[in-house]
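*Asks:*
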Amino acid sequence: RKDFLSKISISSKEARETRYRLQLLQESEITDIKYTQYIEDITEIANILTKIVKTTSQSLKKNAN
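Going by our numbering, the first residue of the sequence shown is number 11, and it counts up by one from there.
1. Taking only three categories from DSSP, how would you classify E37?
2. What does the Cβ neighbour count give for I18, buried or exposed, with the cut at 16 atoms within 10 Å?
3. Given a threshold of 16 other Cβ atoms within 10 Å of its Cβ, counted over all protein chains shown, does L32 qualify as buried or as exposed?
4. As a quick exercise: from K72, F14, I62 and I49, pick the residue whose alpha carbon is nearest that of E27.
5. For the putative contact between A25 and L59, defined by C-beta atoms under 8 Å, what is the C-beta separation to the nearest angstrom?
What follows is the structure, encoded as structure tokens:
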């Protein structure tokens with residue numbers, strides 16, 4: 011479980027970093043590509059991963075007691 015939590019935490023951070031970089035690309039207007047849907051998708055993924063991290067952390071704390 012701790013290994014799972016570690017990997018999901020990293021995934022959550024990477025998703026947030028990806029969202030940030032997509033937002034930068036969109037704001038820079040370097041290309042004509044619209045990143046709105048990608049940003050919405052990665053935001054949803056980041057939220058799901060963050061919820062998994064919180065739930066797993068709570069479960070580990072509960073089982074440790």
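Every residue, glycine too, gets a C-beta built ideally from N, C-alpha and C.
As the structure is a prediction and not an experimental result, all values here were calculated from the model.
*Replies:* Reading from the atomic positions:
1. Working through the sequence shown from its first residue, we reach residue 37 at position 27. Residue state, collapsed to three classes: helix.
2. Taking the sequence shown and counting its residues from 1, one reaches residue 18 at position 8. Buried.
3. The count along the sequence shown starts at 1 and reaches residue 32 at position 22. L32 comes out buried.
4. Numbered from 1 along the sequence shown, position 17 holds the residue referred to as residue 27. Checked all of K72, F14, I62 and I49; the closest Cα to E27 is I49.
5. Walking along the sequence shown from the start, residue 25 turns up at place 15. Walking along the sequence shown from the start, residue 59 turns up at place 49. Indeed they touch by this definition, with Cβ atoms about 6 Å apart.
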